[in-house]
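Take a look at the structure set out below.
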Amino acid sequence: MESVKQEIKQLCEQFRLGALYPALDQAVQAAEKNNMGYATFTLQLLKAEAAHRTQRDELKRLKTAGLPKGVDLDHFDTSVDIGFPPKRMGQLRELNWVDQLFNIVLMGPSGVGKTRIASGLCLDAVRAGYSAYFRTMQDIVHTLQTKDAVPSQNTEYRRLMKANLIVIDDIMLFPL
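Going left to right, the sequence shown walks through residues 1 to 176 as the UniProt record's numbering numbers them.
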């Protein structure tokens with residue numbers, strides 16, 4: 001039995017099935033306990049792998065998004081009137097505008113939550129599976145200026161060009 005498990009482990013590594021082998025013992029026990037068929041057993045293992053990959057991909061998108069901390073719109077105080085109705089916030093959080101390729105510009109005085117709303121929408125997009133990035137205008141200009149000379153900036157430029165959503169913050173703080 002150990003040689004079979006070792007071979008399964010090697011094949012999981014070869015095919016980069018990172019969650020399948022760790023879920024194997026629990027799946028085998030559940031299959032024996034519940035008299036599970038082969039197809040159901042296989043489905044259970046594949047679901048574990050799919051969940052692992054979905055979580056890993058979301059974490060990767062979150063890391064590359066460059067979001068500030070504490071941007072979850074679930075905790076946004078809508079009781080304060082900032083001229084942005086909660087109904088509109090709900091509509092924006094549905095992210096239909098991303099699929100329809102609409103641009104959104106949030107304008108207003110300092111301190112009303114423009115960055116928080118924009119970064120929260122970016123977080124919602126990442127969680128929905130979109131490639132979304134939060135950058136300042138200064139970051140964007142720097143990337144454009146150095147993309148031909150610095151390989152990492154070229155990578156950043158290509159990443160931004162393929163993005164579903166780019167949030168550009170502090171546009172008016174940067175001299176154009």
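Don't be surprised by glycine CBs; every beta carbon is placed ideally from N, CA and C.
All values derive from a computational prediction rather than experimental measurement.
Quiz item: Is the stretch 152-159 touching the stretch 107-121 in the sense that three or more CB pairs, one from each, lie closer than 8 Å?
Solution: no
Self-check item: Helix, strand or coil at residue 181 [DSSP, three-state]
Solution: Because the chain spans 1 through 176 in this model, residue 181 falls outside it and cannot be assessed.
Quiz prompt | Span separating the alpha-carbon of F15 from that of R61 | solution = The sequence position of residue 15 within the sequence shown is 15, counting from 1. The sequence position of residue 61 within the sequence shown is 61, counting from 1. Distance between the alpha carbons of F15 and R61 is about 23 Å.
Quiz item: Excluding five sequence neighbours on each side, which residues of the same chain lie with their C-beta closer than 6 Å to the C-beta of V167?
Solution: Locating residue 167 in the sequence shown gives position 167, where the first residue counts as 1. Answer for V167: A118, C122, F134, listed in chain order.
Quiz item: Over what stretch of residues does the alpha helix (DSSP H) that includes T155 continue unbroken?
Solution: Residue 155 sits at position 155 when you count from the first residue of the sequence shown. Unbroken alpha helix (DSSP H) run through T155: 151-161.
Quiz item: Would the beta-carbon of Q10 fall within 8 Å of that of A30?
Solution: In the sequence shown, counting from the first residue as 1, residue 10 sits at position 10. In the sequence shown, counting from the first residue as 1, residue 30 sits at position 30. Their beta carbons are not under 8 Å apart, which means Q10 does not touch A30 by this criterion.
Quiz prompt | CA-to-CA distance, L24 to L46, given in whole angstroms | solution = The count along the sequence shown starts at 1 and reaches residue 46 at position 46. The count along the sequence shown starts at 1 and reaches residue 24 at position 24. L46 and L24: Cα-Cα distance of roughly 10 Å.
Self-check item: N- and C-terminal bounds of the beta strand (DSSP E) containing V167
Solution: Along the sequence shown, one-based indexing puts residue 167 at 167. Here the beta strand (DSSP E) through V167 covers 165-169.
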